[in-house]
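Note that my numbering numbers the sequence shown so that position 165 is 275, with each residue one more than the last.
Note sheet for the following structure.
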Amino acid sequence: MQTFNLHTHTSRCFHAVGSDKEYVLAAIRNGVKVLGFSDHCPMDQYTVYQDRMKLSELDEYIASIQSLKEKYKDQITIYIGLECEYLPEYKHQYPEFLKKVDYLLLGQHFNRFDQKDFTEEISLEEICTMKDYVIEGMKTGWFTYVAHPDYFMFLLENYPQNGKEAICQIAHTAAKLQIPLEMNLKGMSKGKKMIDGQMDYRYPNSQTFELIASENAPVIFGLDCHDPKTFDDFYSLQNQLKIEFQHMKLNYVTTCPLK
Ligand SMILES: [Zn+2]
Ligand SMILES: [Zn+2]
């Protein structure tokens, strides 16, 4: 069982609930050894939704998690991170973040500041751009892992050929650079739907992970926690997915990539 979770949000993103401390206590209560906070990175240019902290709030976020890190250091190891889209026009910002936080996750929810989230709007062209940006992002060395690589599947009922090619190329790069790809446990809570004639999760989708397995890229569980009480399901969701995906030869990460 994976006892570390590096994908945790806070109420600063307006679509998560609970105090920072409640996330820490829920993780400790469930025997989690390493807890990484990775709230959505501030990106003041992104005005489509108010779904993240402002750049001016970053220092308060860091200070809050830092104080919990100290307070609970005998019970749990805490890291401070951010989940970021990789947008080439914003790339000067990532090294600035890394001066302040311990790590970054690459979670591509859109490709441009003026674009809706992929769970609301997706096109084959955007899948290709997403793939190009994620691969470029991985090569920078700034990102600890790639969150929900198949997020683009949310609205789709067929796995498009260019989606498969995108995942193969991302997985190939991930294997080469040893950057884990996430099996996103929050995606499971959205339930299954008919995709290519079989009931499947939108993400983490079984076709995605068959392709990832064939490239032997490392995979990591991420709770993508937006509510402290979901820590209660952290291990049962891992178990369930391991059983559902047991026919695949997945290369599970066994130790926390942060030190
Ligand atoms: Zn979120
Ligand atoms: Zn995300």
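Built from N, CA and C at the ideal position, the CB exists for glycine as well.
Fair warning: this is a prediction, and the values are worked out from it, not measured in the lab.
1. Out of curiosity, what's the CA-to-CA distance linking P367 and L116?
2. DSSP three-state label for T187, please.
3. Under 9 angstroms, do F341 and V142 count as touching if we go by C-beta distance?
4. Using 8 angstroms as the cut-off, classify the Cβ of A257 as near or not near the heavy atoms of ligand 2, replying yes or no.
5. When you compare the CB positions of G247 and Q218, do they come within less than 9 angstroms of one another, or not?
6. Comparing the CB of G301 with every heavy atom of ligand 2, is any distance shorter than 8 angstroms?
7. Please report the straight-line C-alpha distance between P314 and Y159, rounded to a whole angstrom.
8. Considering just the uninterrupted stretch of the alpha helix (DSSP H) at H282, what are its terminal residues?
9. Going by other Cβ atoms of all chains shown within 10 Å of its Cβ, with 16 needed for buried, is K241 buried or exposed?
10. Is D130 near ligand 1, in the sense that its beta carbon is under 8 angstroms from a heavy atom of that ligand?
11. Bridge partners of I330, per DSSP?
12. Do you know how far the Cα of I305 is from the Cα of E325?
13. Using only alpha-carbon positions, find the residue among N221, R122 and T318 that is nearest to E199.
14. Span of the beta strand (DSSP E) holding G146?
15. Between which two residues does the alpha helix (DSSP H) carrying Q350 extend?
16. Quick one: is E235 buried, meaning 16 or more other Cβ sit within 10 Å of its Cβ, or exposed?
17. Identify whether M111 lies in helix, strand or coil by the three-state DSSP scheme.
18. On the three-state DSSP scale, how would you describe I232?
This is what the structure holds:
1. Distance from the CA of P367 to the CA of L116, rounded to the nearest whole angstrom, comes to 9 angstroms.
2. Strand at T187.
3. F341 places its beta carbon less than 9 angstroms from that of V142.
4. The closest heavy atom of ligand 2 lies less than 8 angstroms from the beta carbon of A257.
5. Contact flag set, yes.
6. Result no, Cβ not under 8 angstroms from ligand 2.
7. Approximately 24 angstroms between the Cα atoms of the pair.
8. Counting along the chain, the unbroken alpha helix (DSSP H) around H282 starts and ends at Q271 to L287.
9. Burial call: buried.
10. No - ligand 1 has no heavy atom lying nearer than 8 angstroms to the Cβ of D130.
11. In the DSSP output, where bridge partners are listed per residue, I330 has E292.
12. Looking at the two C-alpha atoms, the distance is approximately 22 angstroms.
13. Closest option to E199, Cα to Cα, is N221.
14. Here the beta strand (DSSP E) through G146 covers V144 to H150.
15. Q350 -> alpha helix (DSSP H) spans F344 to E354.
16. That one is exposed.
17. DSSP places M111 in the coil class of the three-state scheme, outside both helix and strand.
18. I232 falls in the coil class under three-state DSSP.
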